[in-house]
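Undergrad:
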Amino acid sequence: MFLSNFSISKPVATVVLVIGLMLVGLLALSKLKVNQFPEVEPPVLVINIPYPGASPETVEREVVNRIEKALQSISGVDRSNSTSREGSATIVLVFDFSKNMIEAADEVRNAIASVRYKLPTEIREPIITRADPGAQPILQLSLSSTSLTHAQLSRLAEDKLAERFRGITGVSTVGVNGALKRELSILLRAEKLREFGVSVTEVLGAVRAQNTTAPVGKVRGTLEDQSIRLLGRLESPAEFEQMIIKRNAGTVVRLGQVAEVQDGFAEMTGYSLRNGRPNVGISITRSRDASTVSVANDTRKMVKEIEKELPKGTTLDITQDGGKDAENSLHNVTDALVFGAALTIFVVYAFLNSWRSTLITALSLPTSVLAAFIAVWLMGFSLNFMSLLGLSLAIGVLIDDAIVVRENIVRHMERGSDRVTAAREGTAEIGLAVAATTFAIVAVFVPVAFMGNGPGQWFKPFALTVVASVIVSLIISFTLDPMLSAYWGDPPGYHEQPKTGFSKVLERFNHWFDGVANGYGHVIAWALHHRRWMAAFAVLSFVGAIALQATIGGSSFLPQADAGFLAIEVRSPASSSLDYS
39 MFLSNFSISK
49 PVATVVLVIG
59 LMLVGLLALS
69 KLKVNQFPEV
79 EPPVLVINIP
89 YPGASPETVE
99 REVVNRIEKA
109 LQSISGVDRS
119 NSTSREGSAT
129 IVLVFDFSKN
139 MIEAADEVRN
149 AIASVRYKLP
159 TEIREPIITR
169 ADPGAQPILQ
179 LSLSSTSLTH
189 AQLSRLAEDK
199 LAERFRGITG
209 VSTVGVNGAL
219 KRELSILLRA
229 EKLREFGVSV
239 TEVLGAVRAQ
249 NTTAPVGKVR
259 GTLEDQSIRL
269 LGRLESPAEF
279 EQMIIKRNAG
289 TVVRLGQVAE
299 VQDGFAEMTG
309 YSLRNGRPNV
319 GISITRSRDA
329 STVSVANDTR
339 KMVKEIEKEL
349 PKGTTLDITQ
359 DGGKDAENSL
369 HNVTDALVFG
379 AALTIFVVYA
389 FLNSWRSTLI
399 TALSLPTSVL
409 AAFIAVWLMG
419 FSLNFMSLLG
429 LSLAIGVLID
439 DAIVVRENIV
449 RHMERGSDRV
459 TAAREGTAEI
469 GLAVAATTFA
479 IVAVFVPVAF
489 MGNGPGQWFK
499 PFALTVVASV
509 IVSLIISFTL
519 DPMLSAYWGD
529 PPGYHEQPKT
539 GFSKVLERFN
549 HWFDGVANGY
559 GHVIAWALHH
569 RRWMAAFAVL
579 SFVGAIALQA
589 TIGGSSFLPQ
599 ADAGFLAIEV
609 RSPASSSLDY
619 S
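When we follow our numbering, the leftmost residue of the sequence shown carries the number 39, and every step to the right adds one.
1) Identify every residue that forms a DSSP beta bridge with Ala297.
2) Distance check for Gly91 and Ser615, CA to CA, integer angstroms please.
3) Report buried or exposed for Tyr89, applying the criterion of at least 16 other Cβ atoms within 10 angstroms of its Cβ.
4) How long is the line joining the alpha carbons of Met281 and Arg292, rounded to whole angstroms?
5) Could you say if the region 502-519 and the region 74-87 meet the contact criterion of at least three C-beta pairs nearer than 8 angstroms?
6) Reducing DSSP to helix, strand and coil, say where Pro76 ends up.
7) Looking at Ile87 and Ile105, is the spacing between their C-beta atoms short of 9 angstroms?
8) Would you identify the three-state DSSP class for Lys284, choosing helix, strand or coil?
9) Under three-state DSSP, which class holds Gly302?
10) Got a sec? Which residues, its chain only, sit under 7 angstroms from Leu225 by beta carbon, not counting five neighbours each side?
11) Between the beta-carbon of Met451 and the beta-carbon of Ile46, is there less than 9 angstroms?
12) Since Gly361 contacts Thr405 with CB under 8 angstroms, what's their CB separation in whole angstroms?
13) Between Ala487, Ala108, Ala66, Thr337, which has its C-alpha nearest Tyr155's C-alpha?
14) So that I know if they touch, is there some Cβ in chain D lying closer than 9 angstroms to that of Thr96?
15) Whose C-alpha, out of Pro499, Phe411, Ser430, Trp496, is nearest the C-alpha of Leu61?
16) How about the region 456-464 and the region 537-544: do they share at least three Cβ pairs that are nearer than 8 angstroms?
17) Output the distance between the C-alpha atoms of Thr459 and Ala524, rounded to the nearest integer angstrom.
18) What separation, rounded to the nearest whole angstrom, lies between the Cα atoms of Leu269 and Ala276?
19) Around the Cβ of Ala555, are there at least 16 other Cβ atoms within 10 angstroms (buried) or fewer (exposed)?
20) For Val254, does the count of other Cβ atoms within 10 angstroms reach 16, so buried, or fall short, so exposed?
21) To the nearest angstrom, how far is the alpha carbon of Lys542 from that of Leu381?
22) Quick check on Phe580: does DSSP put it in helix, strand or coil?
23) For a quick check, are the C-beta atoms of Thr357 and Val209 less than 9 angstroms apart?
24) Would you report the Cα separation of Ala565 and Asp552, rounded to the nearest angstrom?
25) Taking only the alpha-carbon atoms, compute the straight-line gap between Ser430 and Gly378 and give it to the nearest angstrom.
26) Ends of the beta strand (DSSP E) at Val318?
27) Please classify Ser579: is it buried, with 16 or more other beta-carbons within 10 angstroms of its beta-carbon, or exposed?
28) Could you give the DSSP three-state label for Ile206: helix, strand or coil?
Take a look at the structure:
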């Protein structure tokens, strides 16, 4: 066999190649993003239509029904769902997985544009976004204080803290919940409007025209151009009161003469409490190409820095940490992977009863696992519980090829062959059978990686990780194992030598197991003479297993998990006030 002959004749080159493969695997592992779940892209578009001040009935009648009729002309829509609420509407479109989502978004925009003239002029521009399961907040923070008012907390959260969190690498959006929104209110005086002959329309026009910021041109120089902007955005009540509303025969009417300008807060539409006190919530969402664990770690460091600068009596607490959840999930899978590998190596040692044979065989595990990380990195996957689950499942399979090759080499040595000859002939003798076994596993998992719909996106990293690791384990069993067996294997006659200590215990165990294996031979002989009984037993076992799972076990896409917190959702009528809710 070419691979085994090359590795035996070129041992130094083989060792260098294997070490290089492991080093590249370590490099790939260090560059992998760490997330709890795989990156999936569901074919879902969400349309948000703001309609300030409108009741749910008006939103449904004037907006939702008309847009839904226009969307019926779009092809590839599997189902749709719409929700009308006070001041806004949401339409969710679920497409077939074969639909190009860029084209789908363009078709949705065109459909809305075709009925735009039928929609109320008060609605704001519809916002079309693609649903992203990874766009959920990974951290929830709570800003509370015993010394600051709710208004001061709101200013602190929005003006200072949110901006600092947005500067963290990998942060996509920072949401502020439960904060008071600053609002300048203009209270018109009817008697003053009549006295100065000013209409409400003139006031609105003046506010729109003078409270703005816009580019007005450029100043071209020899070396550079400077943009010129008209800075007309007003910030204080005093500035608004000086605004000119109308000119009458050489006199001007200012806003302060016909109205009162108040600096206050917008009507609250949400409320946040922590331990019975008003607080401001801050949510951190990572960008799609960022690592959940890295962003969470950087955010925790930022929280510790901010805590040192907060006023006395003010605290910033982490109420929900998705980074810790991801780390715990991955640690559980990693612990299972390491425990499975250790148990596998112990079982190999128990049956081979040789520490050299065990070490030669066990070297295929770290090499195959690290090489699998190279495949995960090159394919753009993240290190998540699905890819690690694939490695956990493949741990026992990864060492199978090496066990078979090593056992056959030992058998040739027991027949009197020297180590080099035994390594060459033993590997060549069972090479085809080992390759057939490995490629049978590959044939099972490759179709799983290319399944369509949502499950295919979830199981793709799982299946391809298994495929990459078992292929590497096959190559290792045909290269590293024969080379080490030829130059570092057990000396001739090792298995005939008297054993001591734990090796003697394992020798007795192997003698007992050989007796059990001989007894198993009688069971096989009986089964071959009672084929109908065995066929009936197999069918009953198959049907019974399916029935048992269907009636008792049940099914779900993901297993139930305990995230360690309790959420209570209470729905009040749509017209309920904030105080009532």
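Built from N, CA and C at the ideal position, the CB exists for glycine as well. The structure presented is a predicted model; accordingly, all values stated were derived computationally and were not measured.
TA: Judging by the given coordinates:
1) Leu226
2) 14 angstroms
3) buried
4) 5 angstroms
5) no
6) coil
7) yes
8) strand
9) strand
10) Ala297, Glu298, Gln300
11) no
12) So it is not a contact: roughly 31 angstroms between Cβ atoms.
13) Ala108
14) Among the protein chains of the structure shown there is no chain D, as only one such chain exists.
15) Phe411
16) no
17) 8 angstroms
18) Residue confidence for Leu269 is low, a pLDDT of 47 falling below 50, so the modelled location carries little weight and cannot support an answer.
19) exposed
20) Residue placement at Val254 is poorly supported in this model, since its pLDDT is 46, which falls under 50; the coordinates are not used for a value here.
21) 20 angstroms
22) helix
23) no
24) 20 angstroms
25) 7 angstroms
26) 318-324
27) exposed
28) coil
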